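See below for the structure under consideration.
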Amino acid sequence: MANDLAQRAPDYIRAIAPYQGGRPIGEIARRFGFREDQIVKLASNENPLGMSPKARQAMLEASQDLGRYPDGNGFELKQAIAKKFGLPENTITLGNGSNDILELVAHTFLKPGVGSVYSDHSFAVYALATQAVGGQSVVVPADPKTLGNDLSALAAAVTPNTGVIWLANPNNPTGSFLPGAEIRTFLKDLPGSVLLVLDEAYTEFLSPADRYNAFDWIADAPNLLISRSFSKAYGLAGLRVGYGVAHPDVTDLLNRVRQPFNVNSLAQAAATAALFDEDFLKTSYDCNQAGLVQLTKGLEALGLGVMPSRGNFVLVDLSTRQPNAKPIDALGSKVFDALLAKGVITRPVGNYGLPNHLRVSIGTAAENEAFLKAMGQVAQTLWP
Ligand SMILES: Cc1ncc(COP(=O)(O)O)c(C=O)c1O
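When you number the sequence shown by this note's numbering, it's gap-free, plus one each residue, and the end is 387.
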């Protein structure tokens with residue numbers, strides 16, 4: 004009976020391989036007999052400083068009124084985003100994490116016969132969101148030097164059946180980055196029937212020299228959506244909140260598909276306060292820059308390759324210690340398992356087509372140090 008029911012789900016749903024997130028601290032503590040405070044988690048590109056104190060205060064105040072539904076239109080949060088970035092409110096869609104925005108895009112613009120295009124080694128949700136609505140994914144080769152997005156390969160893959168292009172900048176899990184001007188030119192050349200989703204989940208970590216303002220492009224690009232997250236630099240991953248910025252016509256459609264109360268009251272209050280906590284943002288940026296240097300130097304001293312990263316994580320090339328490694332050697336999984344046993348959670352990226360790499364989120368100085376120590380021991384055992 005249950006089987007008959009499962010058979011009625013569309014083939015494309017039954018074929019979905021579930022998202023693999025970072026292993027939770029509690030699970031690893033139980034499995035290896037650690038206390039939770041002994042675990043170092045560098046697996047999900049979270050903010051190692053936690054959340055802004057102003058956001059925490061706002062969240063606590065909002066917790067007094069949880070018997071009521073949230074504001075379904077997110078008036079205050081939208082106003083705050085509009086004010087901070089000089090945007091009309093009718094260009095903003097709020098999401099239960101920016102993941103929600105990506106799914107709203109898929110529900111709105113994709114269907115069987117209308118698919119999406121993205122690069123190899125792109126964020127896993129692009130494939131999932133496309134498949135969940137029966138769209139076809141076209142995955143183009145990455146730039147072999149950066150392992151990141153190759154704009155000409157993406158442009159060449161567009162057909163009349165393309166509904167969406169997913170482009171993360173900086174990209175996860177590679178950390179690679181494309182200058183804003185290149186993306187602007189790419190967008191100008193795209194057919195107006197294709198929506199470019201510019202996923203800027205990590206944009207707050209860009210150095211001033213790399214920053215660009217894609218919000219300025221919306222006015223003359225009705226086929227652009229920019230997604231942003233409060234989970235990374237703003238430190239609100241557990242609350243689930245993000246937003247999309249697009250032409251009012253696109254925004255109107257997304258809001259028809261959106262669940263009425265998709266962003267909860269605590270998340271709305273915390274995000275509104277976090278937006279204007281510039282001190283916390285600056286401290287998070289500085290911590291990330293320092294951690295990036297610390298991890299890069301430490302890993303290189305162990306003879307490991309580190310891809311240049313503009314995000315809050317690094318992609319480590321383990322094959323520099325085993326140059327003849329084949330994909331089947333799955334060095335990423337081996338090192339991930341060995342680090343787990345030492346209480347350090349990282350992220351293997353075999354499911355991103357990078358079996359001999361490991362992604363490591365940038366932590367506090369102490370967390371980075373603990374990871375480097377464990378990594379040194381693992382390297383010594385694997386490659387004496
Ligand atoms: C490139 C990219 N986009 C979007 C997300 C989703 O973030 P969230 O739903 O927490 O805003 C992530 C999370 O890791 C990401 O790496």
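Quick reminder that beta carbons are idealized off the backbone N, C-alpha and C, glycines included. Fair warning: this is a prediction, and the values are worked out from it, not measured in the lab.
Residue i and residue j closer than 8 angstroms at C-beta
i: Gln-118; j: Gly-166; result: Here residue 118 turns out to be Gly, not Gln, going by the sequence shown. In contact: Gly-118 and Gly-166 (Cβ atoms closer than 8 angstroms).
i: Asn-76; j: Gly-116; result: no
i: Val-128; j: Tyr-22; result: yes
i: Asp-280; j: Ser-55; result: yes
i: Val-136; j: Leu-170; result: no
i: Glu-203; j: Asn-175; result: no
i: Ala-159; j: Val-141; result: no
i: Phe-374; j: Val-363; result: yes
i: Thr-94; j: Ile-221; result: yes
i: Ala-145; j: His-124; result: yes
i: Arg-104; j: Tyr-246; result: The amino acid at residue 104 is misidentified as Arg; the sequence shows Ile. Contact: yes.
i: Ile-42; j: Gln-134; result: no
i: Leu-298; j: Thr-111; result: no
Residues of its chain near residue i, where Cβ-Cβ distance is below 7 angstroms and the 5 sequence neighbours each way are ignored
i: Asn-258; result: Thr-96
i: Leu-90; result: Ile-84, Phe-218, Val-248
i: Ala-377; result: Leu-342, Lys-345, Val-347
i: Glu-106; result: Ala-132
i: Ser-66; result: Leu-269
i: Pro-73; result: Phe-264, Val-266, Asn-267, Ser-268, Gln-271
i: Met-62; result: Leu-269, Ala-272, Ala-273
i: Pro-291; result: It is worth fixing the name first, because residue 291 is Asn in this sequence and not Pro. So the list reads Phe-208, Asn-315, Ile-365, once near-sequence residues are dropped.
i: Phe-126; result: Ala-171, Asn-175, Asp-202
i: Gly-379; result: Leu-305
Residue i versus residue j - alpha carbon distance
i: Glu-79; j: Val-200; result: 25 angstroms
i: Ala-277; j: Ala-328; result: 44 angstroms
i: Thr-254; j: Pro-194; result: 19 angstroms
i: Gly-100; j: Leu-305; result: 36 angstroms
i: Ser-336; j: His-250; result: 42 angstroms
i: Glu-92; j: Ala-85; result: 6 angstroms
i: Ala-212; j: Gly-183; result: 11 angstroms
i: Gly-151; j: Tyr-121; result: 10 angstroms
i: Glu-401; j: Ala-58; result: Since the first residue of the chain shown is 4 and the last is 387, residue 401 is not available in this structure.
i: Gln-82; j: Gly-301; result: 43 angstroms
i: Phe-37; j: Val-296; result: 29 angstroms
i: Val-338; j: Ser-155; result: 34 angstroms
i: Leu-52; j: Leu-45; result: 12 angstroms
i: Phe-189; j: Leu-157; result: 9 angstroms
i: Phe-88; j: Arg-261; result: 23 angstroms
i: Asn-3; j: Asp-252; result: Past the boundaries of the shown model lies residue 3; the chain is included only from 4 to 387, so the question cannot be answered.
i: Gly-227; j: Pro-147; result: Note that residue 227 corresponds to Leu in the displayed sequence, not to Gly. Distance between the alpha carbons of Leu-227 and Pro-147: 26 angstroms.
i: Pro-13; j: Leu-361; result: 34 angstroms
i: Val-352; j: Thr-149; result: 16 angstroms
i: Glu-49; j: Asp-153; result: 27 angstroms
i: Arg-71; j: Leu-307; result: 52 angstroms
i: Phe-233; j: Tyr-215; result: 19 angstroms
i: Arg-231; j: Gln-60; result: 23 angstroms
i: Ser-210; j: Glu-185; result: 17 angstroms
i: Arg-17; j: Val-244; result: 28 angstroms
i: Pro-326; j: Gly-98; result: 43 angstroms
Cβ neighbours of residue i in the same chain (closer than 6 angstroms, five flanking residues each side left out)
i: Gly-294; result: Ile-365, Asn-371
i: Ala-217; result: Leu-201, Ile-229
i: Arg-26; result: Ile-348
i: Pro-330; result: Pro-358
i: Leu-334; result: Leu-321, Ala-328, Asn-359
i: Pro-1; result: Only positions 4 to 387 of the chain appear in this structure, which leaves residue 1 out of reach.
i: Trp-386; result: Arg-324
i: Phe-283; result: Ser-55
i: Gln-139; result: Gly-118
Proximal residues to residue i (C-beta, below 8 angstroms), its chain only, five neighbours per side dropped
i: Phe-35; result: Leu-343, Ala-344, Gly-346
i: Glu-39; result: Ile-28, Gly-29, Ala-32
i: Glu-303; result: Val-309
i: Ser-47; result: Gly-24, Gly-25, Ala-240, Arg-350, Ser-364
i: Gly-356; result: Asp-123, His-124
i: Thr-367; result: Pro-51, Leu-52, Cys-290, Gly-294
i: Ile-168; result: Ser-119, Val-120, Tyr-121, Leu-157, Val-161, Leu-193, Val-197, Leu-198, Leu-199, Val-200
i: Val-317; result: Gly-178, Leu-295, Leu-298, Thr-299, Leu-302, Val-309, Met-310, Arg-362, Val-363, Ile-365
i: Leu-69; result: Ser-268, Leu-269
i: Ala-9; result: Arg-17
Chain D within 8 angstroms of residue i, Cβ atoms only
i: Pro-182; result: The chain inventory of the structure shown lacks chain D, comprising one protein chain alone.
Pocket of ligand 1 (residues with CB nearer than 6 angstroms to any heavy atom), chain order:
Each of Asn-48, Gly-100, Ser-101, Asn-102, Phe-126, Ala-171, Asn-175, Asp-202, Ala-204, Ser-232, Ser-234, Ala-240, Gly-245 has a C-beta closer than 6 angstroms to some heavy atom of ligand 1; these make up the full list, in chain order.
Flag this pair as touching only if the stretch 341-361 and the stretch 254-271 have three or more C-beta atom pairs under 8 angstroms; answer yes or no.
The stretch 341-361 is not in contact with the stretch 254-271.
Determine, using beta-carbon pairs with one atom in the stretch 284-298 and one in the stretch 229-240, whether at least three such pairs fall under 8 angstroms.
Yes, the stretch 284-298 touches the stretch 229-240.
Touching or not, the stretch 306-317 and the stretch 174-189, by the rule of three or more beta carbon pairs under 8 angstroms?
Touching, per the Cβ criterion.
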